[in-house]
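Working notes, beginning with the structure itself.
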Ligand code: EPZ
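Residue numbers (my numbering): 3 to 418.
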């Protein structure tokens with residue numbers, strides 16, 4: 003099983019290019035189910051999760067061609083409507099095929115995703131919205147078996163601003179009869195990106211990026227050629243890495259507008275952050291000031307940046323209170339950081355971090371995607387050698403992370 007070995011203490015210097023956003027690419031590739039013909043997607047990141055969604059779509063009968071970071075998908079020959087457990091359990095975002103399959107095929111059999119390291123991850127809000135659109139479903143043997151004679155627009159209030167729930171329902175409503183309103187919808191940039199692609203396909207969606215999205219159903223959609231937006235979480239991860247060891251990194255080809263909360267909080271730590279067009283220049287300082295963090299739905303501070311920030315706070319001056327309000331168990335990285343000498347106490351969904359002089363290298367285990375990124379960052383700042391095990395988690399969401407870090411001067415290597 004692959005692992006990453008890091009010798010810490012070297013400041014990162016140079017430029018890094020940000021890859022396409024995993025969480026935009028996944029729903030956009032799935033939206034190909036809504037139309038016949040060849041769709042072309044550029045700037046698709048080379049990630050395990052992308053491989054998984056392509057495998058799932060080809061399992062349904064789609065034709066897929068990949069040329070580097072360009073993926074072409076034609077779903078005209080899709081003749082199945084089942085997303086099996088062994089695929090869905092590897093990647094929860096497979097639930098995104100539910101809406102489009104019901105839109106296109108009027109039936110779907112999708113495994114319930116089940117929980118994961120960071121929480122129970124229910125999909126009850128996805129199912130509540132689908133039912134209001136006219137879908138009837140049964141939960142049988144761990145599967146959602148759903149059918150819909152026709153889908154009719156309606157008014158859906160989401161109890162929580164679920165990201166993939168908003169995406170699933172948008173894709174279920176685009177070909178429905180009449181108008182659908184999604185209230186308390188998620189506002190993430192990835193929602194806007196999906197709505198932009200659907201509108202380029204001929205959909206009629208207004209309000210994406212706000213908490214009220216209106217979808218006027220159309221009769222059909224046509225294939226598109228689009229490019230995936232930059233990954234704001236990858237960019238944020240490199241920003242935190244630059245803040246450590248007094249690094250000095252230019253993060254290029256990113257979208258600073260998607261990172262306002264992260265930029266604001268990083269500046270509060272005393273880190274120098276300068277935005278210039280699509281480049282963010284981050285310079286670490288000697289004294290990192292401890293600050294408090296509370297994760298919130300976008301545009302609040304992103305939960306996907308919580309673990310990375312916790313590493314920064316572990317070596318800051320003072321105490322930091324980190325509240326995780328999105329997922330119920332997203333502190334799994336704490337026990338591993340403690341093994342590296344971090345002083346962190348957890349009570350419920352709050353972690354109290356007391357900055358220490360230095361972390362020390364250790365052998366640690368990655369548990370989920372962002373936790374594994376935080377352990378790599380911790381290894382970069384720790385004294386001595388850190389071995390991060392189970393880095394398949396990392397490969398799900400970071401394109402060639404160690405190659406990008408080596409280019410920035412990190413002493414890091416992947417061991418088979
Ligand atoms: C998306 O997950 C992202 N994944 C996550 O990124 C991200 O952390 C999360 O949004 C929050 O921003 C993708 O986009 C593929 P939610 P998602 O539905 O959609 C509860 C990463 O590292 N909820 O917005 O699954 C849920 O339990 C991943 O890239 C319900 O109760 O998250 C959670 O507490 C990790 N019922 C909250 O809502 C539902 O039906 C937010 O979940 C749906 C969600």
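We treat Cβ as the ideally placed atom computed from N, Cα and C, and that holds for glycine.
Note that the coordinates shown come from a computational prediction; the quantities given were computed from them, not determined experimentally.
The beta strand (DSSP E) spanning residue 16 covers which residue range? Per DSSP, the unbroken beta strand (DSSP E) holding residue 16 starts and ends at 15 to 19.
With which residues is residue 414 paired in a DSSP beta bridge? Per DSSP, 8.
Is the segment 24 to 31 touching the segment 262 to 273 in the sense that three or more CB pairs, one from each, lie closer than 8 angstroms? Touching, no, given that fewer than three Cβ pairs across the two stretches are closer than 8 angstroms.
In whole angstroms, give me the CA-to-CA distance for residue 329 and residue 297. Pairing residue 329 with residue 297, the inter-Cα distance amounts to about 9 angstroms.
Contact check, residue 237 vs residue 295, beta carbons under 8 angstroms: No, these two residues do not count as a Cβ contact at 8 angstroms.
Tell me whether residue 311, by its Cβ, gets closer than 7 angstroms to a heavy atom of the ligand COA. As for the ligand COA, it is missing from this structure, which binds only the ligand EPZ.
Alpha carbon to alpha carbon, how far is residue 129 from residue 305? Straight-line Cα distance between these residues: approximately 24 angstroms.
Applying the criterion that 16 or more other CB atoms from any shown protein chain within 10 Å of the CB defines a buried residue, is residue 395 buried or exposed? Looking at its Cβ environment, which holds 16 or more other Cβ atoms inside 10 Å, residue 395 is buried.
Using a Cβ-based criterion (distance less than 7 angstroms to any ligand heavy atom), does residue 123 qualify as near the ligand EPZ? Yes - the ligand EPZ has a heavy atom lying nearer than 7 angstroms to the Cβ of residue 123.
Do residue 113 and residue 136 count as a contact pair if the criterion is CB distance below 8 angstroms? No, they are not a contact pair.
Excluding sequence positions up to five away, which residues of its chain have a Cβ less than 8 angstroms from the Cβ of residue 79? Here residue 79 has 63, 64 and 65 as same chain residues with Cβ atoms under 8 angstroms from its own Cβ, once five neighbours each way along the sequence are excluded.
Quick check on the DSSP output: the beta strand (DSSP E) that includes residue 274 runs from which residue to which? Per DSSP, the unbroken beta strand (DSSP E) holding residue 274 starts and ends at 274 to 278.
The ligand EPZ heavy atoms versus the CB of residue 211: any closer than 7 angstroms? Checking every heavy atom of the ligand EPZ against the Cβ of residue 211, none is found closer than 7 angstroms.
Can you tell me which of the three DSSP states residue 23 falls into? When secondary structure is reduced to three states using DSSP, residue 23 falls in the coil class, being assigned neither helix nor strand.
So, are the CB atoms of residue 342 and residue 292 less than 8 angstroms apart? No; because the gap between Cβ atoms is not below 8 angstroms, this pair is not in contact.
Are three or more beta carbon pairs between the segment 35 to 44 and the segment 220 to 228 nearer than 8 angstroms? Flag = yes, the segment 35 to 44 and the segment 220 to 228 touch.
Residues near residue 57 in its chain [Cβ-Cβ closer than 8 angstroms; skip 5 each side]: Excluding sequence neighbours, residue 57 sits near 89.
Within the continuous beta strand (DSSP E) that includes residue 159, where are the two ends? Counting along the chain, the beta strand (DSSP E) containing residue 159 begins and ends at 157 to 159.
Span of the beta strand (DSSP E) around residue 212: Counting along the chain, residue 212 falls outside any beta strand (DSSP E), and DSSP gives it neither H nor E.
Looking at the structure shown, is residue 180 part of a helix, part of a strand, or coil, going by DSSP? Look at residue 180 here: in three-state DSSP terms it is coil, with no helix or strand label.
Taking residue 389 as part of the beta strand (DSSP E), name the residues at either end of that continuous run. Here the beta strand (DSSP E) through residue 389 covers 387 to 391.
In terms of residue numbering, what span does the alpha helix (DSSP H) encompassing residue 395 cover? Counting along the chain, the alpha helix (DSSP H) containing residue 395 begins and ends at 394 to 399.
Below 8 angstroms on the Cβ atoms is my guess for residue 336 versus residue 318; work out the distance and round it to an integer in Å. The Cβ separation is near 16 angstroms, so there is no contact.
Are residue 332 and residue 121 closer than 8 angstroms when you measure CB to CB? With contacts defined by Cβ atoms closer than 8 angstroms, residue 332 and residue 121 form a contacting pair.
Considering Cα atoms alone, identify which of 243, 203, 259 and 162 is closest to residue 191. Among 243, 203, 259 and 162, the Cα nearest to that of residue 191 is on 259.
Check for me: the beta strand (DSSP E) holding residue 44 runs from which residue to which? Residues 40 to 44.
8 angstroms Cβ cutoff met for residue 273 and residue 243: No. Outside cutoff.
How many angstroms separate the CA atom of residue 404 from the CA atom of residue 117? If I take the Cα positions, the gap works out to 29 angstroms.
Close Cβ partners of residue 377 (< 7 angstroms) along its chain, the five nearest in sequence each way excluded: Taken in chain order, the residues that qualify are 335, 338, 366, 368 and 390.
Identify the residues that DSSP records as bridge partners of residue 287: which are they? Beta-bridge partners assigned by DSSP to residue 287: none are found.
Looking at the ligand EPZ, does it come within less than 7 angstroms of residue 392, judged from the CB to the closest heavy atom? Exclusion of residue 392 from the 7 angstroms shell around the ligand EPZ follows from its C-beta lying no nearer than that to any non-hydrogen atom of the ligand.
Close-in-space but distant-in-sequence residues of the same chain around residue 157 (CB under 6 angstroms, 5 per side omitted): So the list reads 183, once near-sequence residues are dropped.
Which residues does DSSP pair with residue 281 in a beta bridge? Paired residue(s): 278.
Using CA atoms only, rank isn't needed, just tell me which of 185, 344, 72 and 228 is closest to residue 159. It is 185 whose Cα lies nearest to the Cα of residue 159.
Heavy atom of the ligand EPZ within 7 angstroms of residue 276 beta-carbon: The answer is no for residue 276.
Endpoints, beta strand (DSSP E) assigned at residue 76: Segment 72 to 76, the beta strand (DSSP E) holding residue 76.
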